[in-house]
Structures are given as C-alpha cells and as structure tokens.
Amino acid sequence: MIDVLAMVVGAMAPVALLAARRSAETELDRLFARLRAAPNAASARALSEQIWQCWMHHDDPEVNALMERGIRAMAERDYEAALPCFDEVVERDPHFAEGWNKRATIRYLLADYAGSVRDIKCTLALEPRHFGALAGLGAVYLLIANDRGALDAFEAILALNPYLDSVRKQVEALRGELGEGEG
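Numbering of the sequence shown is given in the numbering used here, commencing with residue 3 and proceeding in unit increments.
Below you can see the structure in the form of structure tokens.
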C-alpha cells in the first residue's frame, strides 16, 4: 500500500509543478501586457522588477537554494564557484528559463561567449520575452563584432519596454554604424 501511495504522490508532483508554471505564465502575461502599456519609465521599471521576481522564483526549494548560492558567488566575483550551481539548476529543471539565463551570464563573465549564446538561446526558447537574456545576447554580439545580431537583440528589448533609454541609445548607435535610419 505504501508503494502505491508513493507512486500517486510522485505522479502528483509534476502535475502540481505544471499548474504552478501555468499560473506563473499567466502572471507574466499580465505583467508584460502592463509593461507594454506603461505610461512612464518609473512604472515600466516597477513592472520590470515584478517580472524579474517571477522569473527568479522556482517552486523547488533546492533549486532556489542553488540559485541563491550561485548569485552570491556571482556577487563575490567567484564565477568558478557560481558555474556549478547554475549547471545543477539547469540539470534539475531544464524548463526553468532563469537557470539558463544565470548560467549564460556566468559563461559571459568567464569569456565563454559561445557557451553564453547557447544558454541564452535556451533561455529565449523557454521565455522569448526575457529582456535580460536579450540584453546579454546583445552584449555578446557586440563583443564578437556581430552588430546586426546586437541590433536585433536590442530592438527586441525595446519592443518589450520602450522606456529603456540606454538600450535606445545603443540601437541608434548601431543603426548609424550599419548605415540604417530609424526603423
């Protein structure tokens, strides 16, 4: 009887995780709709912070602990210690976009640009609106002299949040370098 109960409880965990993800997606959809309609930069900034909070949350406390450990190591500039934390996050839940994004950031900081781009692409496959990943992609593309790719990434960010003046300036500079006018 205990084995049957364990099987039922074990089968419920993915269902509960799926329901939590759907709820988070609904919340993200709502926040992104509000972000697109934000009346000013302060409102957009507040909504962006709420979106980041959604992205950072995971229902598994162990994944959250790994994320916290990795982020702490990042803050201490101990990138070699942070990388295995995010490796484990991605291994534990390959559908958690922020795990991929954090690992992409570490790989960028370790000058593994190809690895960073691979992880950014995984992030964007899971969450195409991830403006943090798009910013990282733009930064990598700038470093490897892919101005067209950088411009595309930065323009995608502005489509999500038109109030980012630093991104707008980068777009204008890249358009000038590429000989393009306003798009």
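Heads up, the beta-carbon is just placed ideally off N, CA and C, and yes, glycines get one too.
All figures in this text were calculated on a predicted structure; none of them were measured in a lab.
Quick one, are the C-beta atoms of residue i and residue j less than 8 Å apart?
| i | j | result |
| --- | --- | --- |
| leucine 37 | leucine 49 | yes |
| glycine 138 | isoleucine 159 | no |
| alanine 152 | glutamate 129 | no |
| glycine 101 | alanine 84 | no |
Since residue i and residue j should fall inside the 8 Å C-beta cutoff, what is the C-beta to C-beta distance between them, to a whole number of angstroms?
| i | j | result |
| --- | --- | --- |
| valine 173 | phenylalanine 156 | 5 Å |
| alanine 135 | alanine 106 | 7 Å |
| asparagine 163 | histidine 132 | So it is not a contact: roughly 12 Å between Cβ atoms. |
| tyrosine 81 | leucine 126 | With 8 Å as the limit, tyrosine 81 and leucine 126 do not qualify as a contact, their Cβ atoms being about 22 Å apart. |
| glutamate 51 | leucine 68 | Between leucine 68 and glutamate 51 the Cβ distance is about 22 Å, and since that is not below 8 Å, they are no contact. |
| alanine 46 | tyrosine 165 | 4 Å |
| leucine 145 | tyrosine 115 | 6 Å |
Name the two residues that bound the continuous alpha helix (DSSP H) containing residue i.
| i | result |
| --- | --- |
| aspartate 149 | 149-162 |
| glycine 101 | 99-111 |
| aspartate 114 | Careful: aspartate 114 lies outside any alpha helix (DSSP H) and carries neither H nor E. |
| aspartate 62 | From DSSP, aspartate 62 is part of no alpha helix (DSSP H); its letter is neither H nor E. |
| tyrosine 143 | 133-145 |
| glycine 183 | Here glycine 183 belongs to no alpha helix (DSSP H), and DSSP marks it neither H nor E. |
| glutamate 90 | 81-94 |
| alanine 48 | 43-58 |
Can you tell me whether residue i is buried or exposed? The criterion is at least 16 other CB atoms within 10 Å of its CB, across all chains shown.
| i | result |
| --- | --- |
| glycine 181 | exposed |
| aspartate 95 | buried |
| alanine 44 | exposed |
| glycine 140 | buried |
| glutamate 64 | exposed |
| alanine 35 | exposed |
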